[in-house]
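Here the working numbering is used: the first residue of the sequence shown is 10, the next is one more, and so on.
Have a look at the structure below before the remarks.
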Amino acid sequence: MAELIVIGGGLAGSEAAWQAAKMGIQVTLFEMRPKTQTGAHTTENMAELVCSNSFGSNLLDRASGLLKGELKKFNSLLIEAAENSSVPAGSALAVDRNVFSETITSKIESHPLITVERAEITSIPQQTTIIASGPLTSDSLANSIKELTGGSSLYFYDALSPIIEADSINLDIAFFGSRYNKGILPEGDYLNCPLGKEQYDQFVYALLKADEIPLRSFESSISEGVQAGHPSYFEACMPVEEMARRGENSLAFGPMRPIGIYDPKTNRRPYAVLQLRRDDLAGNLYNMVGFQTNLKFTEQDRVFRLVPGLENAEFIRYGQMHRNTYISSPQHLLPTLQYNQRNNLFFAGQITGVEGYAGSIATGLLAGLNSARYIKGLEPIQLPKTTMIGALLHYITTSEAKQFQPMKANFGLFPVLERKVKGKRARGLAHAQRALADLDLFIANMSS
């Protein structure tokens, strides 16, 4: 009989199962796919990436870079797999999503202490459990969680960006390049589609007039301040058409900003640029950076082909939207990721209100370690607030419940530095150096 049950084989659940098994715990990992699909996933693999293929910057003076650095100190399985399946993306860590998920699946299924069950869990088990069911938690389990929390769960809508076949991109117009030439590949890590002012205006006009897919009526309570019948979007995954409604130049100052990009054919900066990032190792697929959308598929064909260079684009995956579910963590979770009314129940991943791939992995890692420690009769660990993982978990478990929204790693979560440091990047590096030093000390004390 398993000592630990993990519900969900996504990023958090896979990391949690691996970390607990490393500590000698017998784990049963339940993943409902492929018997029950989510509407966003396309495979049965563990840790399938359904949104971007980027894990964010690797630079230490960036929050995502520090978070990955901390995870590496805990020997994160998923960060190691991401680095081993990386594709060129400048200073960011982007992966071949198929190689990445296939690697994780193989590692999990071959571990002698992990049993994978392809079945849906509809109610919360009584034994030690980690709920890492993700933002697409099934209705049955979601209802069980609502019952547990007294209905204190929230949700928002998340959006995916389209993926385009590389051979269908017109390289007579599109060009390779990275902002300020900060790329890994000699030709540049991104494909750039330049737009002049008139082309940009025509594109935005068509985008605003395009038909969208009707959203389902809400199935759970709505965040305070959001009127019934209107979706609550998470800012980091705002649909491009919704962003365009905020002003005629909102895209030109957002995902289509041309800063640091120069068209080699004109030696001039375009008025706007649509960037495409490699989505696989072979360079056969590119995703539209920052172009999450809820347009009807026929409208995506029509509108996105108005972008110079994409007039014959072949879409391998259309953009789409789906509901994300998360609990009110400030009301229900401890910084150890334990449910505050039941010590042998843990939550991990986006269902806790963390955002970003590395954030989900971090919660899975901590939940895996702490559930194993709980089973062994050891005190669960709580990471210092001066570390990125510790600061992120402190935020989601102690912030004001009424104002709580999903949060990704950022330096604004940290306590102030002991000394003043001028410059955003210099302050980020100072935070990172303090975080890694404090984490080294914390890990050393854990081992002693």
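Cβ coordinates follow ideal geometry from the N, Cα and C atoms, glycine included.
Rounded to whole angstroms, the separation of the alpha carbons of Gln359 and Gly160 is 18 Å. Unbroken beta strand (DSSP E) stretches of 3 residues or longer found wholly inside the stretch 133–188: 138–140, 162–168, 172–174 and 184–186, given in chain order.
Only residues of its own chain outside the window of five on either side were considered, and among them Phe356, Thr361, Gly362, Ile405, Thr406 and Phe413 have a CB closer than 8 Å to the CB of Ser338, listed in chain order. The C-beta distance from Thr395 to Arg443 rounds to 6 Å, short enough to fall under 8 Å. Between Ser66 and Ser100, the beta carbon gap of about 5 Å places them in contact (Cβ cut-off 8 Å). Taking every protein chain shown into account, the CB of Pro203 has 16 or more other CB atoms within 10 angstroms, so this residue is buried.
Assigned with DSSP and collapsed to three states, Phe83 falls in coil, not helix or strand. Of the candidates Ala98, Pro389 and Ile370, Pro389 places its Cα closest to the Cα of Asn353.
Ser259 sits in coil when the DSSP states are folded into three classes, being neither helix nor strand.
Rounded to the nearest whole angstrom, the C-alpha separation of Glu40 and Gln46 is 10 Å.
Taking all protein chains shown into account, Met455 has fewer than 16 neighbouring C-beta atoms within 10 Å of its C-beta and is therefore exposed.
Secondary structure of Asp288 (DSSP, three-state): coil. About 18 Å separates the beta carbon of Ala21 from that of Ser63, a gap too long to meet the 8 Å contact definition. Residue pairing of Ile123 in beta bridges, as defined by DSSP: Val36. DSSP lists Asp167 as the bridge partner or partners of His331. If you check the CB distance, Leu285 and Asn276 do not come in under 8 Å.
Cα atoms of Ile398 and Thr372: separation of roughly 8 Å, rounded to the nearest angstrom.
In this structure, DSSP gives Met297 an extended state, which the three-state scheme calls strand.
When only Cα atoms are considered, Ser380 and Lys431 end up about 41 Å apart. Secondary structure in the stretch 322–410: the alpha helix (DSSP H) runs of 4 residues or longer, each lying completely within the stretch, are 338–341, 366–384 and 397–407 in chain order.
As a beta-bridge residue in DSSP terms, Val96 pairs with Ala103. Under the three-state reduction of DSSP output, Leu426 falls in the coil class, being neither helix nor strand.
The Cβ atoms of Leu392 and Leu402 lie closer than 8 Å to each other. Cβ contact annotation for Gly197 (same chain, cutoff 6 Å, sequence separation greater than five): Phe185, Gly186 and Ser187, in chain order.
When DSSP states are grouped into helix, strand and coil, Val59 belongs to the coil group. Assignment of Ile130 by DSSP, reduced to helix, strand and coil, places it in the coil class. In the same chain as Gly192, and ignoring 5 residues on each side of it, the C-beta atoms closer than 6 Å to its own belong to Gly99 and Asp198, in chain order.
Under the DSSP assignment, Tyr199 falls outside any alpha helix (DSSP H), being part of the beta strand (DSSP E) whose first and last residues are Tyr199 to Leu204.
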